[in-house]
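With our numbering applied, the sequence shown corresponds to residues 851 to 1028, in that order.
Ideal Cβ placement from N, Cα and C applies to all residues, glycine included.
Reviewing the structure listed below.
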Amino acid sequence: MSRIRLLSASAALLLVAACAPTLGPPPPPPPGGGPATAGVFRAEDFSWSAVPGSGRVDGRLTYKAGQTRYSCTGAGVVLTPETPWTRRRMSILYTSADRAALPADEVRARTPSAPSGDYSAFVKRAVCDANSAFSFSGLANGAWYVITVAKPVSGSGPDIAVMRRVEVRGGRTVKVEL
């Protein structure tokens, strides 16, 4: 390939790359050492989440089971930073580290087998409004777990613990439906 053709091809690739949409830098990788330290609570793994950012999570509970609609009106919603420890905890409690909707009693029953640690200082809290909507702002870039307990609107059926992993990137707003 001639030098001119090589330079032309390189320039074309740079132009294409420059036009590609960007969501900002990727979120930080989960701190810590990986699987070997996943069961160990380390407060320093949460430090990235304590830095104020411009990210936001706007969410709404839309969960249905068959014909039964659910609501989180007046219920608490927590936003927990992802670390190797919390990822392991979510895997045990919800049998998934990405998303789940399980009877709340089942999740509570697994709590003793999940790794323990005091991460409450890093958890953000909100309350579902009358439309089962919630919001968190001032978030650092990174992965977070949104968790709430939904109750059946009709009054019959089990309470459902709903969890979903979300990623905040580039200080943008993330819309999430649970």
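Original post:
Contact between the segment 918-926 and the segment 987-1005: three or more CB pairs below 8 angstroms?
Top reply: Taking 8 angstroms as the limit for Cβ pairs, the verdict is that the segment 987-1005 does touch the segment 918-926.
**OP:** Name the residue from 956, 950, 912, 930 whose alpha carbon lies nearest to the alpha carbon of residue 893.
**Re:** Between residue 893 and the set 956, 950, 912, 930, the nearest pair of CA atoms involves 930.
Original post:
Cα separation between residue 963 and residue 997?
Top reply: Distance between the alpha carbons of residue 963 and residue 997: 19 angstroms.
Original post:
Given residue 952, which residues of its chain have a CB within under 8 angstroms of its CB, disregarding the five upstream and five downstream residues?
Top reply: The beta carbon of residue 952 is closer than 8 angstroms to those of 944, 945, 1010, 1011 in its chain, skipping five residues each way along the sequence.
Subject >> Helix, strand or coil at residue 1004 [DSSP, three-state] >> reply: In the structure shown, residue 1004 sits in coil (DSSP, three-state: anything other than H, G, I, E or B).
**OP:** Count the other C-beta atoms from every protein chain shown that fall within 10 angstroms of the C-beta of residue 884, then say buried if there are 16 or more, exposed otherwise.
**Re:** Bear in mind that a pLDDT of 48 at residue 884, under 50, signals an unreliable position, so the model cannot answer this.
**OP:** Under 6 angstroms Cβ to Cβ from residue 906, same chain only, skipping five residues before and after it: list those, please.
**Re:** Cβ-Cβ distances below 6 angstroms link residue 906 to 987, 1023 in the same chain, with the five nearest sequence neighbours on each side left out; the list follows chain order.
Subject >> Cut-off 6 angstroms between Cβ atoms - residues of its own chain near residue 989, not counting five sequence neighbours on either side >> reply: The residues are 903, 905, 1018.
Original post:
Applying the criterion that 16 or more other CB atoms from any shown protein chain within 10 Å of the CB defines a buried residue, is residue 991 buried or exposed?
Top reply: The residue is buried, with at least 16 neighbouring Cβ atoms inside 10 Å.
Subject >> Assigned secondary structure, residue 919 (DSSP; H/G/I helix, E/B strand, else coil) >> reply: The answer is strand: DSSP assigns residue 919 an E or B state.
Original post:
In terms of residue numbering, what span does the alpha helix (DSSP H) encompassing residue 934 cover?
Top reply: In this chain, the alpha helix (DSSP H) harbouring residue 934 covers 934-944.
Original post:
So what's residue 1019 in DSSP terms, helix, strand or just coil?
Top reply: Residue 1019 falls in the coil class under three-state DSSP.
Original post:
Can the beta-carbon of residue 927 be found less than 8 angstroms from the beta-carbon of residue 976?
Top reply: Note that the C-beta distance between residue 927 and residue 976 is below 8 angstroms.
Original post:
In the structure shown, what three-state DSSP assignment does residue 949 receive?
Top reply: It is a strand residue.
Subject >> Nonlocal neighbours in the same chain, by C-beta distance under 8 angstroms from residue 936, ignoring five residues either side >> reply: Cβ within range, chain order: 930, 969, 995.
Original post:
Between the C-alpha atoms of residue 923 and residue 947, what's the straight-line distance to the nearest angstrom?
Top reply: Going from the Cα of residue 923 to the Cα of residue 947 covers about 25 angstroms.
Subject >> Reference residue 899; option with closest CA among 1006, 974, 1014 >> reply: The residue with the shortest Cα to Cα distance from residue 899 is 974.
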